[in-house]
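Everything on this sheet refers to the single structure shown next.
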Amino acid sequence: MGAMLFSLRKDGFEVESIDFSQEAVKKCNDYAAREGLPVRVILADLRDFHIPKEKYVCIVCSYVLPFLKRSEAGTVINQIKAGLIKHGVVFVAVFTTEDPLYRRCKEIGLPEVEGNTFFSVKRQTYLCFFPKGELQKLFSDCEILSYIEGYSLDLSYDEPHYHGWASVVAKTEATKE
Numbered sequence: 612m613g614a615m616l617f618s619l620r621k622d623g624f625e626v627e628s629i630d631f632s633q634e635a636v637k638k639c640n641d642y643a644a645r646e647g648l649p650v651r652v653i654l655a656d657l658r659d660f661h662i663p664k665e666k667y668v669c670i671v672c673s674y675v676l677p678f679l680k681r682s683e684a685g686t687v688i689n690q691i692k693a694g695l696i697k698h699g700v701v702f703v704a705v706f707t708t709e710d711p712l713y714r715r716c717k718e719i720g721l722p723e724v725e726g727n728t729f730f731s732v733k734r735q736t737y738l739c740f741f742p743k744g745e746l747q748k749l750f751s752d753c754e755i756l757s758y759i760e761g762y763s764l765d766l767s768y769d770e771p772h773y774h775g776w777a778s779v780v781a782k783t784e785a786t787k788e
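612 is the number of the first residue of the sequence shown in this note's numbering; add one for each residue after it.
Shown next as structure tokens:
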């Protein structure tokens, strides 16, 4: 959740956040209380959360989909698009098959439960990787404002490591079905 959530709130946006981790929700609520920033933090699993139709101006889904099965990620993407108002903007970031962890999953023989999706018993989570260009195709019914693929060093936790990633910023079209 972190910095982006509070930056948006400080800029005057009404902010809702969803996280399945009680610890993350508590940290977010504690920080919001200390800073006097009213945010709505919902403890929920995104797979079970109903995103209301045409409610949001912007939805940010940053590195959430890589921990769902591929089919679940597709369902969430469709709900996100439906949850945006006309001309609403979405930012999504995922890991790609260029990520070293993708190769490691294949090498160590993790079960591939769906295309490019593995289940890690050690981490008790799915690990879903998107082929190059797939994220862009998933938003082909939107106006793509930015699409970037990259490979970069992650210093955010534990040991430094690299990720292959893709991100898209897209705007819903004028008419929605």
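Virtual Cβ for every residue (Gly too), placed ideally from N, Cα, C.
Between L648 and C739, the beta carbon gap of about 32 Å keeps them out of contact (Cβ cut-off 8 Å). Cβ atoms of V700 and K782 come within 8 Å of each other, at about 5 Å. Take V724, set aside five residues on each side of it, and the residues of its chain with a beta-carbon closer than 8 Å to its own are K680, F730, Y737, in chain order.
Counted as a single uninterrupted DSSP element, the stretch harbouring E709 is not any beta strand (DSSP E), since DSSP gives it neither H nor E. Proximity to F750 across N727, A693, H661 peaks at A693, based on C-alpha coordinates. Residue environment analysis places G744 among the exposed positions, since fewer than 16 neighbouring C-beta atoms fall within 10 angstroms of its C-beta. At a Cβ-Cβ threshold of 8 Å, F702 and S778 count as neighbours.
For K782, DSSP records a beta bridge to V700, E754. Annotation for Y758: Q747, V779 place their beta carbon closer than 7 Å to its own, counting only its chain and skipping 5 residues before and after. Here Y773 is exposed, its C-beta having fewer than 16 other C-beta atoms within 10 Å.
The way I'd put it, the stretch 638-648 doesn't touch the stretch 658-671; fewer than three beta-carbon pairs between them come closer than 8 Å.
G775 and T708 do touch by the CB rule: their CB atoms are close to 7 Å apart, below 8 Å. Close CB contacts of I696 within its chain, under the 8 Å cut and outside five residues either way in sequence, are with E665, K666, Y667, V668, T783 (chain order).
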